[in-house]
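To start, the structure under review is shown below, and the notes come after it.
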Amino acid sequence: MTNSGYFTGGHVRLDPQFDIASDPQGKARAGAGHVTFEPSARTNWHTHPIGQLLLVTAGRGFVQKAGEPAQVIQAGDVVWIAADEKHWHGAAKDTMMSHFAINEAEDGEVVTWLEPVSDEDYLQAQI
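Counting with UniProt numbering, you get residues 1 to 127 for the letters of the sequence shown.
Given below as structure tokens:
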């Protein structure tokens with residue numbers, strides 16, 4: 001995936017590992033992708049109806065939940081994002097970051113995309 005309207009700051013690559021849409025019976029609720037963020041790349045703010053599990057596989061980055069300070073994440077970290085919790089995640093400004101993102105769908109939806117993370121908010125996370 002090239003940069004879409006859901007990412008800012010740099011290129012993001014998404015490699016689906018298993019996809020809800022690929023279930024021929026249409027009963028699957030879980031999906032996962034391996035996501036690689038170039039330095040400074042990050043998601044927009046977003047939520048997940050059932051939550052999201054992040055398994056960081058390489059590099060260093062940040063995850064920030066609305067109203068909380070950003071948290072440093074690096075290879076080996078596991079992060080749980082609660083249902084409907086507004087958050088963003090991405091790479092540090094000086095290194096890439098990759099993670100597996102595992103989500104479940106509710107009524108066919110896995111994510112609600114919101115506004116971009118401002119450069120000011122992103123740079124504040126670096127402190």
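By construction, the Cβ of each residue, glycine as well, lies at the ideal position given by its N, Cα and C atoms.
**Request:** Might you give, ordered along the chain, the residues of its own chain that have their beta carbon closer than 7 Å to the beta carbon of GLU115, omitting 5 neighbours on each side?
**Result:** Excluding positions up to five away in sequence, the list reads ASN44 and TRP45.
**Asked** In whole angstroms, what separates the C-alpha of ALA41 from that of VAL110?
**Response** 21 Å
**Prompt:** CA-CA distance, GLY5 and TRP113?
**Reply:** The alpha-carbon atoms of GLY5 and TRP113 are separated by roughly 9 Å.
**Message:** Does the contact criterion of 3 or more C-beta pairs under 8 Å hold for the stretch 97-108 versus the stretch 48-61?
**Reply:** The answer is yes - the stretch 48-61 touches the stretch 97-108, with three or more Cβ pairs under 8 Å.
**Prompt:** With DSSP run on the structure shown, which of helix, strand or coil describes THR125?
**Reply:** Correcting the residue type first, residue 125 is Ala in the shown sequence and not Thr. Helix, per DSSP.
**Prompt:** Can you tell me whether DSSP reads residue 156 as helix, strand or coil?
**Reply:** Examination of residue 156 is not possible in this model, given that the chain is present from 1 through 127 alone.
**Message:** Please return the same chain residues whose Cβ sits closer than 8 Å to the Cβ of THR57, not counting the five positions on each side in sequence.
**Reply:** HIS34, ALA75, SER98, HIS99 and PHE100
**Message:** Quick check on this structure: which residue in GLU38, ALA125 and ALA70 has the alpha carbon closest to the alpha carbon of GLY59?
**Reply:** GLU38
**Prompt:** Roughly how many angstroms lie between the CA atoms of PHE62 and VAL72, to the nearest whole one?
**Reply:** 5 Å
**Message:** Measuring straight from C-alpha to C-alpha, what distance separates ALA77 and HIS11?
**Reply:** Before going further, note that residue 77 is Asp rather than Ala in the sequence given. Taking the straight line from one Cα to the other gives about 22 Å.
**Asked** Going by C-alpha distance, which of ASP94, ALA66 and PHE7 is nearest GLU85?
**Response** Checked all of ASP94, ALA66 and PHE7; the closest Cα to GLU85 is ALA66.
**Message:** From the DSSP secondary-structure annotation, give me the bridge partner or partners of LYS65.
**Reply:** DSSP, once it has assigned bridges, lists HIS87 as partnering LYS65.
**Request:** List the endpoints of the continuous beta strand (DSSP E) containing ALA30.
**Result:** Under the DSSP assignment, ALA30 falls in the beta strand (DSSP E) whose first and last residues are 30-37.
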